[in-house]
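Every position in the sequence shown, counted from 1, becomes a number in our numbering once 169 is added. Glycine residues also receive a C-beta, built at the ideal position from the N, C-alpha and C atoms. To keep things clear, I will list the structure first and then write my remarks on it.
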Amino acid sequence: MLVTFVYDVLIASGQLGLSRNEKGLYYAVDLGGTNFRVLRTQLGGLEGRVIKQEYEEVAIPPELMLGTSEQLFDFIAKELVSFVAREGEDFRLHEGQSREIGFTFSFPCKQTAVNSGTLLQWTKGFKVNDAIGQDVVAALQGSIERRGYKMRIAALVNDTVGTLAGGRYWNNDVMIAVILGTGTNACYVERAESISKWGGELPKSGQMVINMEWGNFWSSHLPRTYVDELLDNESLNPGEYGFEKMISGMYLGDCVRRVLVRMAQQAGIFGPHVPHKLLEAFTLQTPDMSKMHHDDSSDLKMVAEVLKTVYGIHNTTLGIRKIVLAVCDIVCQRGARLAAAGIVGILKKIGRDGSTANGFIRRNDVNGIHDELTVNSIGGSGKTVVAMDGGLYEHYSKFRNYMQQAVRELLGDAAKNVFIELSKDGSGIGAAILAASHAEYVPT
Ligand code: BGC
170 MLVTFVYDVL IASGQLGLSR NEKGLYYAVD LGGTNFRVLR TQLGGLEGRV IKQEYEEVAI
230 PPELMLGTSE QLFDFIAKEL VSFVAREGED FRLHEGQSRE IGFTFSFPCK QTAVNSGTLL
290 QWTKGFKVND AIGQDVVAAL QGSIERRGYK MRIAALVNDT VGTLAGGRYW NNDVMIAVIL
350 GTGTNACYVE RAESISKWGG ELPKSGQMVI NMEWGNFWSS HLPRTYVDEL LDNESLNPGE
410 YGFEKMISGM YLGDCVRRVL VRMAQQAGIF GPHVPHKLLE AFTLQTPDMS KMHHDDSSDL
470 KMVAEVLKTV YGIHNTTLGI RKIVLAVCDI VCQRGARLAA AGIVGILKKI GRDGSTANGF
530 IRRNDVNGIH DELTVNSIGG SGKTVVAMDG GLYEHYSKFR NYMQQAVREL LGDAAKNVFI
590 ELSKDGSGIG AAILAASHAE YVPT
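Below is the structure:
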């Protein structure tokens with residue numbers, strides 16, 4: 170649970186939206202998953218909103234994920250300045266305005282201001298050891314300046330927070346943002362006085378966005394299997410991010426692989442020997458798992474194809490292919506239902522799970538049920554929108570369906586007021602908007 174310093178921007182003329190009066194040209198850079206992205210947007214204030222935007226995406230060279238901090242931030246700075254150099258005529262800075270950037274950095278950071286924060290740990294296959302404990306804004310700012318450019322990083326933004334800001338720019342009912350991609354996480358709008366970690370003055374809005382880092386959630390109630398233990402031991406961050414390892418795209422394929430290895434060893438499902446490649450960790454990517462899972466052909470052609478191309482396993486019987494499909498289904502369903510439980514947990518925390526009637530929350534305590542004043546339900550039209558992003562959610566439709574079904578199941582009737590909406594790539598634009606609302610330059 171990390172404070173984000175995103176608060177007063179939540180007020181707009183007495184409502185709970187972003188101010189939406191941001192104008193001018195703003196940039197965003199986004200580091201956090203498999204790809205790195207740069208974006209520019211021309212904001213037109215209340216009337217024009219997003220007038221124009223452009224972005225570019227490049228794959229992150231794998232060696233940079235395990236290199237030094239200087240190499241990583243120099244790479245970001247290089248991509249950013251070459252993108253800036255190609256800025257067209259229809260993007261315009263105001264006179265006296267310098268280029269301001271929203272920096273989406275999707276790893277846990279302890280923020281000390283909206284535009285500074287130190288990296289707590291790496292996740293999702295990154296391991297750039299000397300960056301831990303460093304102020305990532307200062308590191309990127311330094312790399313940009315060494316290239317002779319003058320730009321200001323106005324906001325450090327987790328991808329969940331960017332998605333929330335991007336969603337809220339259009340719709341005040343967005344209270345929660347969830348990423349289901351390579352990694353997973355959620356953020357939500359909390360009442361400032363409930364935040365025990367917050368030592369500062371209470372913000373005017375009375376609210377603050379909390380970056381939950383739910384990937385690192387753990388509870389003794391979560392059933393942990395041999396698959397989870399083995400996967401954790403062989404991951405780059407053992408003992409950390411247990412929830413993420415049960416849910417997100419970086420790990421689901423490997424959960425399936427580990428079950429298949431056990432079946433191959435104990436029941437010989439792929440013949441007398443366990444195929445060599447199957448024993449290699451992280452060789453089954455979640456998109457391949459998804460392809461197998463969505464195979465609706467009568468002879469499970471796609472399952473056969475993936476087993477053949479990824480593992481060199483030929484001549485599987487239909488019976489074995491059905492088993493593989495069932496394993497994909499179980500692993501996907503477990504992840505999706507855990508993500509749903511997380512979402513419903515947040516809805517409960519903010520009093521939007523339907524347990525509130527006439528301003529009261531019904532709670533169970535040791536003496537039975539008692540009513541408590543709803544102190545947590547803030548603002549809005551009664552609708553709650555959960556803004557979703559991430560490749561796993563977007564492209565793995567069975568995962569998405571299982572998740573939505575479990576949310577409905579857990580919420581019952583209250584589900585009619587909860588809207589789970591894809592906010593595709595909202596985080597980039599959200600970061601640019603947060604840069605605009607925390608910019609040094611104030612448009613007249
Ligand atoms: C990171 C989060 C991020 C999430 C989704 C996790 O591994 O710790 O900060 O929001 O992935 O990208």
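According to DSSP, is residue i helix, strand or coil?
i, result
"Leu429", "helix"
"Asp464", "coil"
"Leu349", "strand"
"Thr553", "strand"
"Thr478", "helix"
"Gln435", "helix"
"Gly319", "The question names Gly, but residue 319 is Lys in the sequence shown. In this structure, Lys319 counts as coil in the three-state DSSP scheme."
"Leu507", "helix"
"Ser285", "strand"
"Val253", "helix"
"Phe242", "helix"
"Tyr195", "strand"
"Tyr176", "coil"
"Gly271", "strand"
"Phe451", "coil"
"Ala605", "helix"
"Val493", "helix"
Compute the Euclidean distance between the alpha carbons of residue i and residue j, then round it to the nearest angstrom.
i, j, result
"Thr237", "Glu413", "25 Å"
"Met432", "Tyr480", "15 Å"
"Val250", "Val305", "18 Å"
"Ser285", "Leu241", "18 Å"
"Gly384", "Leu349", "10 Å"
"Phe276", "Leu429", "31 Å"
"Tyr176", "Thr273", "17 Å"
"Leu371", "Gly317", "39 Å"
"Tyr610", "Asn586", "39 Å"
"Tyr338", "Thr353", "22 Å"
"Ala300", "Ala323", "20 Å"
"Gly551", "Phe588", "11 Å"
"Ile220", "Met320", "22 Å"
"Asn160", "Ile416", "Residue 160 is absent from the model: the chain starts at 170 and stops at 613."
"Gly368", "Arg426", "46 Å"
"Ile313", "Arg218", "28 Å"
"Phe174", "Lys470", "51 Å"
"Ser467", "Ala473", "12 Å"
"Val493", "Gln454", "15 Å"
"Asn340", "Leu405", "38 Å"
"Phe252", "Ser592", "24 Å"
"Ile602", "Glu239", "27 Å"
"Arg360", "Ile345", "13 Å"
"Ala495", "Ser388", "27 Å"
Assign residue i to buried or exposed, taking buried as 16 or more other Cβ atoms, counted over all protein chains shown, within 10 Å of its Cβ.
i, result
"Val347", "buried"
"Ile270", "buried"
"Leu171", "buried"
"Trp291", "buried"
"His445", "exposed"
"Gln435", "exposed"
"Asp464", "buried"
"Arg499", "Residue identity check: residue 499 is Ile in the sequence provided, not Arg. When all chains shown are included, Ile499 counts as exposed."
"Gly418", "buried"
"Arg268", "buried"
"Lys293", "buried"
"Tyr395", "exposed"
"Val227", "exposed"
"Ile374", "Residue identity check: residue 374 is Ser in the sequence provided, not Ile. Buried is the call here."
"Arg569", "buried"
"Ala197", "buried"
Could you tell me whether the Cβ atoms of residue i and residue j are closer together than 8 Å?
i, j, result
"Asp397", "Gly408", "no"
"Leu289", "Ile245", "no"
"Ala605", "Glu264", "no"
"Ala608", "Asp199", "no"
"Thr478", "Leu516", "no"
"Ala355", "Gly559", "no"
"His442", "Cys497", "no"
"Ala556", "Gly336", "yes"
"Arg206", "Glu232", "no"
"Lys296", "Leu235", "yes"
"Asp582", "Gly520", "no"
"Leu579", "Ala509", "yes"
Quick check: does the Cβ of residue i come within less than 7 Å of any heavy atom belonging to the ligand COA?
i, result
"Asn327", "Inclusion of the ligand COA in the displayed structure is not the case, the ligand content consisting of the ligand BGC alone."
Using 8 Å as the limit for Cβ to Cβ distance, is residue i near chain D?
i, result
"Ala509", "The structure shown contains no chain D, having only a single protein chain."
Problem - contact_flag[the region 445 to 458, the region 416 to 427] where n(CB pairs < 8 Å) is 3 or more - result: yes
Three CB pairs or more closer than 8 Å across the region 324 to 343 and the region 584 to 597: yes
*Taking one C-beta from the region 442 to 452 and one from the region 487 to 499 each time, how about it: are there three or more such pairs within less than 8 Å?*
no
At a cut of 8 Å, does the region 247 to 262 reach the region 202 to 211 through at least three beta carbon pairs?
yes
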